[in-house]
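Trainee: Residue numbers (the working numbering), protein chains in the order written: chain A, 1 to 134; chain B, 1001 to 1389. In this text, a Cβ means the ideal position worked out from N, Cα and C, and glycines have one as well. Quick one: structure below, then a few questions.
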């Protein structure tokens, strides 16, 4: 209930959102949405095109979750990321030495990682790591 | 809109079980215990009920659950599933059927036997991609606290102290309520030193996971005084759905819940309320977490944006304050059996309006507001129900 039933990553690759990071961009107003919508959130248009997400963004907000769902080792650091150019991604931080390294406004980049193991299958997904300010 | 529910439907009886870890009860017990209290309160019986609506997320599977529990003989029964707003949506559907003139006397029920689900806290139920699944309910609301502190320049200590005062207030109220799950009194220090659940939220920032049931008996305003001298009238029933904009657009700021604000606007319009802070006598809001109550005070226009801390520090929302909030202890202490919560809130408003709230009694209340927030802050479904004399 708390997670999608695990399937082989081979199958999840067919979903444009999960690994290929395809959002949508409205051809009429330019609004970018990720996850994808069938109808433009901004203007209601159905005239949409695929949009490949950038892998860089900024931490909009976060928490340090000491009581994560089963199969996760605490603490985990869920983040809401504003992606460069538009679109939001809800994910987890990785490769932080301590959760205190994460701040509102931290610059991050997306990397593919094993998220957890569920019912015997590895579940892969994108996580975020801190990048140096340019 | 062509119509309004204001003053067309009355509540003539209500019941509510004690909330808590009720391992000695089953789901049927909760429904029957609440309904029997309501029957006695209204002076009606099972034979008078013409239709029912029942709100529940985990416990019921179809309207049959309710008719089976109540041994109801072949009446229309509908299961209402609308996240944490299920209870108030059950009232809304029941009230509309009465207002339409189809039925005279109906039940709106809410129930949840949450402990039987084997969870220590509500899981995140948003499973669209792998990464969404890593959120828990405390986590999804904790990220709102982080952002609120950041936006309004509160240090973590200042922010957590502000939130702690909310929990201290709710526990003080809950301690006066014999039906509340949690009746212990807290101090700010104890809240601040509690184990962290999802930083910045600690144990006492989170509501309890409880079993419970609640019910309202509704009839038309015209007939209400046949049943009792002090019926409570429905002034507004609004539900605000969501395009889940916070999920996809960076414009959503994580320091408010747009759907709460919009449901409030619609309800104030329906009830004819122009200055909610002054016109409302009390409110029961969806305090699933302390931060939720804080932003809801702003969303419902009790406090200006970014300024709820001033009102919390001034004691505005305490039982003796200008606008008491959670007089019964709220989700925090009364408990949060999901489907029952929205009706439990109305139960407290009902008792208060009739002067039956015992040690929690607010002086001479005229109008009360109940608010439920379903799903997550960035993609919520909210209800606002206003009742009065």
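Once DSSP output is grouped into helix, strand and coil, what is the label at residue 1386 of chain B?
Mentor: The sequence position of residue 1386 of chain B within the second chain is 386, counting from 1. Correct three-state label for residue 1386 of chain B: strand.
Trainee: Helix, strand or coil for residue 1028 of chain B? Go by DSSP, reduced to three states.
Mentor: Numbered from 1 along the second chain, position 28 holds the residue referred to as residue 1028 of chain B. It is helical.
Trainee: Please report the distance separating the alpha-carbon of residue 114 of chain A from that of residue 121 of chain A.
Mentor: In the first chain, the residue the question calls residue 114 of chain A occupies position 114. In the first chain, the residue the question calls residue 121 of chain A occupies position 121. Distance between the alpha carbons of residue 114 of chain A and residue 121 of chain A: 10 Å.
Trainee: Assign residue 12 of chain A to one of three DSSP states: helix, strand, or coil.
Mentor: Taking the first residue of the first chain as position 1, residue 12 of chain A is located at position 12. In this structure, residue 12 of chain A counts as helix in the three-state DSSP scheme.
Trainee: To the nearest angstrom, how far is it from the Cα of residue 1204 of chain B to the Cα of residue 1109 of chain B?
Mentor: In the second chain, counting from the first residue as 1, residue 1204 of chain B sits at position 204. In the second chain, counting from the first residue as 1, residue 1109 of chain B sits at position 109. C-alpha separation (whole angstroms): 29 Å.
Trainee: Cα-Cα, which of B:1211, B:1003, B:1061 and B:1199 is closest to residue 1022 of chain B?
Mentor: Here residue 1022 of chain B refers to the residue found at position 22 of the second chain. The shortest C-alpha separation from residue 1022 of chain B is found at B:1211.
Trainee: Going by the beta-carbon positions, is the gap between residue 1281 of chain B and residue 1222 of chain B smaller than 9 Å?
Mentor: One-based indexing of the second chain puts residue 1281 of chain B at position 281. One-based indexing of the second chain puts residue 1222 of chain B at position 222. Contact flag unset, no.
Trainee: Need the endpoints of the beta strand (DSSP E) that residue 46 of chain A sits in, please.
Mentor: Along the first chain, read from residue 1 onward, the residue named residue 46 of chain A stands at position 46. Per DSSP, residue 46 of chain A belongs to no beta strand (DSSP E) and is neither H nor E.
Trainee: Does the distance from the CB of residue 1299 of chain B to the CB of residue 1257 of chain B come in under 9 Å?
Mentor: Sequence index remark: in the second chain, residue 1299 of chain B carries index 299 (1-based). Sequence index remark: in the second chain, residue 1257 of chain B carries index 257 (1-based). Closer than 9 Å, so yes.
Trainee: Nearest to residue 1220 of chain B by CA position, among B:1019, B:1071 and B:1098, is which residue?
Mentor: Locating residue 1220 of chain B in the second chain gives position 220, where the first residue counts as 1. Considering only alpha carbons, the answer is B:1098.
Trainee: Measure the beta-carbon distance from residue 1385 of chain B to residue 1346 of chain B and round it to whole angstroms, keeping in mind my assumption that it falls under 8 Å.
Mentor: Locating residue 1385 of chain B in the second chain gives position 385, counting from the first residue. Locating residue 1346 of chain B in the second chain gives position 346, counting from the first residue. Yes, residue 1385 of chain B and residue 1346 of chain B are in contact; Cβ-Cβ is about 6 Å, under 8 Å.
Trainee: Under 8 Å, with one C-beta from each stretch per pair, do the stretch 1231-1246 of chain B and the stretch 1183-1191 of chain B reach the 3-pair mark?
Mentor: Flag = no, the stretch 1231-1246 of chain B and the stretch 1183-1191 of chain B do not touch.
Trainee: Starting from the C-beta of residue 1088 of chain B, find all residues in its chain whose C-beta is less than 6 Å away, skip the five residues before and the five after it, and write them out in chain order.
Mentor: To locate residue 1088 of chain B, count along the second chain from 1; it is residue 88. Contacts found: 1342, 1372, 1383 and 1385.
Trainee: Just grab the DSSP bridge partners of residue 37 of chain A for me.
Mentor: The sequence position of residue 37 of chain A within the first chain is 37, counting from 1. Answer is none; residue 37 of chain A lacks a bridge partner.
Trainee: Is the Cβ of residue 1016 of chain B closer than 9 Å to any Cβ of chain A?
Mentor: Residue mapping note: residue 1016 of chain B aligns to position 16 of the second chain, counting from 1. Cβ-Cβ to chain A under 9 Å: no for residue 1016 of chain B.
Trainee: Residue 1372 of chain B bridges to which residues according to DSSP?
Mentor: Mapped onto the second chain, residue 1372 of chain B falls at position 372. DSSP output for residue 1372 of chain B lists B:1383 as bridge partner(s).
Trainee: Can you check whether the CB of residue 1348 of chain B is closer than 9 Å to the CB of residue 1172 of chain B?
Mentor: Counting from 1 along the second chain, the entry for residue 1172 of chain B is found at position 172. Counting from 1 along the second chain, the entry for residue 1348 of chain B is found at position 348. Not closer than 9 Å, so no.
Trainee: With H, G and I counted as helix, E and B as strand and the rest as coil, what does DSSP make of residue 1158 of chain B?
Mentor: Counting from one through the second chain, the residue named residue 1158 of chain B turns up at place 158. Helix, per DSSP.
Trainee: What three-state label does DSSP hand residue 1243 of chain B in the structure shown?
Mentor: On the second chain, position 243 is the one that residue 1243 of chain B refers to. In the structure shown, residue 1243 of chain B sits in coil (DSSP, three-state: anything other than H, G, I, E or B).
Trainee: Which residue's Cα is closest to the Cα of residue 1305 of chain B: B:1255, B:1266 and B:1362?
Mentor: As a working note, residue 1305 of chain B is residue 305 in the second chain. For residue 1305 of chain B, the nearest C-alpha among the options comes from B:1255.
Trainee: For residue 1307 of chain B, name the three-state secondary structure that DSSP assigns.
Mentor: Start at 1 with the first residue of the second chain, and residue 1307 of chain B comes out as number 307. Residue 1307 of chain B falls in the coil class under three-state DSSP.
Trainee: May I have the straight-line CA-CA distance separating residue 1065 of chain B from residue 1154 of chain B, to the nearest angstrom?
Mentor: Along the second chain, read from residue 1 onward, the residue named residue 1065 of chain B stands at position 65. Along the second chain, read from residue 1 onward, the residue named residue 1154 of chain B stands at position 154. Going by the C-alpha atoms only, they are around 48 Å apart.
Trainee: Comparing alpha-carbon positions, which option in B:1045, B:1165, B:1034 and B:1157 lies nearest residue 1111 of chain B?
Mentor: The residue labelled residue 1111 of chain B in the question sits at position 111 within the second chain. The option with the nearest alpha carbon to residue 1111 of chain B is B:1034.
Trainee: Select from the stretch 63-75 of chain A all residues with a C-beta closer than 7 Å to any C-beta belonging to chain B, and list them in chain order.
Mentor: Within the stretch 63-75 of chain A, the residues whose Cβ lies closer than 7 Å to some Cβ of chain B are 63, 64, 65, 66, 67, 68, 69 and 72, listed in chain order.
Trainee: Does the beta-carbon distance from residue 11 of chain A to residue 59 of chain A come in below 9 Å?
Mentor: By 1-based counting over the first chain, the position of residue 11 of chain A is 11. By 1-based counting over the first chain, the position of residue 59 of chain A is 59. Not closer than 9 Å, so no.
Trainee: Considering only C-alpha positions, which residue in the set A:124, A:18, A:48 and A:14 is nearest to residue 24 of chain A?
Mentor: Indexing the first chain from 1 puts residue 24 of chain A at position 24. The option with the nearest alpha carbon to residue 24 of chain A is A:48.
Trainee: Give me the Cβ distance between residue 1101 of chain B and residue 1078 of chain B, rounded to the nearest whole Å; I'm assuming they're in contact under 8 Å.
Mentor: As a working mapping, residue 1101 of chain B is identified with position 101 in the second chain. As a working mapping, residue 1078 of chain B is identified with position 78 in the second chain. About 18 Å separates the two Cβ atoms, so there is no contact after all.
Trainee: So for residue 1164 of chain B, helix, strand or coil by DSSP?
Mentor: Within the second chain, numbered from 1, the residue matching residue 1164 of chain B stands at position 164. Helix at residue 1164 of chain B.
Trainee: Does residue 78 of chain A get closer than 9 Å to chain B when you measure Cβ to Cβ?
Mentor: Residue numbering aside, residue 78 of chain A sits at position 78 when the first chain is read from its first letter. It does: the Cβ of residue 78 of chain A has a partner Cβ on chain B nearer than 9 Å.
Trainee: Using a Cβ-Cβ distance under 9 Å, would residue 54 of chain A count as near chain B?
Mentor: Here the question's residue 54 of chain A lines up with position 54 in the first chain. Not an interface residue.
Trainee: Output needed for residue 56 of chain A: all residues of its chain with C-beta closer than 6 Å, excluding positions within five of it in sequence on either side, in chain order.
Mentor: The sequence position of residue 56 of chain A within the first chain is 56, counting from 1. Same-chain partners within the cutoff: 84 and 109.
Trainee: On the DSSP bridge list, what partners appear for residue 1258 of chain B?
Mentor: What you label residue 1258 of chain B is simply residue 258 of the second chain in a count that begins at 1. In the DSSP output, where bridge partners are listed per residue, residue 1258 of chain B has none listed.
Trainee: By DSSP, does residue 1352 of chain B sit in helix, in strand, or in coil?
Mentor: Taking the first residue of the second chain as 1, we reach residue 1352 of chain B at position 352. Helix.
Trainee: Should residue 82 of chain A be flagged as near chain B, meaning a C-beta pair shorter than 9 Å?
Mentor: Translated into the one-based positions of the first chain, residue 82 of chain A becomes position 82. Taking Cβ atoms only, chain B reaches closer than 9 Å to residue 82 of chain A, which makes this a yes.
Trainee: In the DSSP assignment, what residue or residues form a beta bridge with residue 1333 of chain B?
Mentor: As a working mapping, residue 1333 of chain B is identified with position 333 in the second chain. According to DSSP, which records beta bridges pairwise, residue 1333 of chain B is partnered with nothing at all.
Trainee: Between the stretch 1324-1343 of chain B and the stretch 1051-1063 of chain B, do at least 3 Cβ pairs fall closer than 8 Å?
Mentor: These segments touch.
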